[in-house]
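Inspection log for the structure reproduced underneath, given as structure tokens.
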Amino acid sequence: MRSNLITILLSSEKRTDLLLLLKEKPRTIEEINNELDTNSVAILPQLKKLKEKGLVIQEEKIYELSLLGKIIVRKMESLVKAFRQLENNYK
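Numbering (my numbering), first residue to last: 3 to 93.
Structure below.
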């Protein structure tokens, strides 16, 4: 089953957090793991999906948003913030 872009973007909090983190600057896997308080086993499958969709590119050991990734993250950031605010209000 092919995953559409909306599903890829919003169905995983790890992927969402990863995209928002990479918006700040390119990072190594170690930096990603430290910032997101996770490990490579959890984050590498997410990076793979994002690379397959053309949202993230890898140069050597550095991961960064592609041009498409930058455009999409810029658009989705306010939506994610709104969802998270709503979640916090209803806890």
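All C-beta atoms in this analysis are idealised placements derived from N, C-alpha and C, irrespective of residue type, glycine included.
Beta-carbon within less than 7 Å of leucine 12's beta-carbon, same chain only, minus the 5 sequence neighbours each way: which residues are those? Thr18
DSSP bridge partner residues for glutamate 61 (one or two, in chain order): Ile64
Pick from Ser80, Ile64, Lys53, Leu88 that is closest to leucine 2, judged by C-alpha positions: With the chain covering 3 to 93 only, the question about residue 2 has no answer from this structure.
Mind checking who threonine 30 pairs with in its DSSP beta bridge? Ile64
Which stretch, first to last residue, makes up the alpha helix (DSSP H) that contains threonine 40? No alpha helix (DSSP H) holds threonine 40; DSSP gives it neither H nor E.
Quick check: the Cα distance between leucine 69 and alanine 84, rounded to an integer number of angstroms? 24 Å
Would the beta-carbon of isoleucine 34 fall within 8 Å of that of leucine 23? yes
Reducing DSSP to helix, strand and coil, say where leucine 49 ends up. helix
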